[in-house]
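Single-structure report; data block below.
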Amino acid sequence: FAWFISSDGCLVLAGHDMHQNELLVKRYLHAGDAYMHADLHGAASVVVKNKSASSPILPSTLFQAGIMSVCQSHAWDTKIVTSAWWVEAHQVSKTAPTGEYLTTGSFMIRGKKNFLPPAQFVYGFGFLFRLADDESIARHAAARQQRLALVQEGFCAASKVARENADKADDDNNNPSAAAAVIGQMDSAAAPKKYNLEEGDVSVTTKYPE
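For the sequence shown, the working numbering gives the first residue as 80, with consecutive numbering after it.
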């Protein structure tokens, strides 16, 4: 399967073809999970695994999973702006109405579909390195949480600087349209040391439609 970990820490799985879609839903779609698809030829069936069945999946994870489904459809080549939809696991069925037949990889959706905002045609991939010894595993045990803290701190710094510069522009020009947003950057040397990050821990490439 194609897969990634969302920004909220949820596992997102997608099938490469109709046979994988069939297997994915039958084997891995459970109560509390979400099923994602788009009404486009080639769109991937996506399963979002819920970390806790007692709490809902966050909208940011659903949106990221929707992008995954749409980017694997013909919308990528035709550049059609569209959106995906999601339903809860209990709404997905392999039982067709009387007189109808569901092909491999197709499912009956019962109830309301929850449509997402139009998806961005941005798709990336990352390199995953396996840790071969116990010492390396212990050193990277909290790596994901450390990177998330780094990103969140960077966003907070950027927002603070942007607000300060916007206020300054308003004072200088008395014109809200003159406010400039400036992206704040963390010290590239201090940040990795603060969060025990090593250079080259993660390499990510982003792909845009041609």
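From the three backbone atoms N, C-alpha and C, an ideal C-beta is built for every residue, glycine too.
Please classify residue i: does DSSP put it in a helix, a strand, or coil?
i: GLU43; result: An answer regarding residue 43 cannot be provided, because it is not within the stretch 80 to 289 covered by the chain.
i: TYR180; result: coil
i: TRP165; result: strand
i: ILE159; result: coil
i: ASN193; result: strand
i: ALA217; result: helix
i: LEU108; result: coil
i: ALA117; result: coil
To the nearest angstrom, how far is it from the Cα of residue i to the Cα of residue j?
i: HIS109; j: TRP164; result: 18 angstroms
i: VAL125; j: ASP213; result: 34 angstroms
i: ALA113; j: GLU243; result: 40 angstroms
i: VAL171; j: PRO197; result: 23 angstroms
i: HIS219; j: THR177; result: 54 angstroms
i: SER133; j: GLU167; result: 13 angstroms
Hey, quick one: how far does the beta strand (DSSP E) through residue i stretch, first residue to last?
i: PHE142; result: Per DSSP, PHE142 belongs to no beta strand (DSSP E); it is in the alpha helix (DSSP H), 138-150.
i: VAL91; result: 90-93
i: ALA132; result: No beta strand (DSSP E) holds ALA132; DSSP gives it neither H nor E.
Spell out the partners DSSP gives residue i in its beta bridges.
i: SER172; result: MET187
i: ALA81; result: ALA93
Tell me whether the beta-carbon of residue i lies closer than 8 angstroms to the beta-carbon of residue j.
i: PHE200; j: CYS150; result: yes
i: ALA117; j: THR161; result: yes
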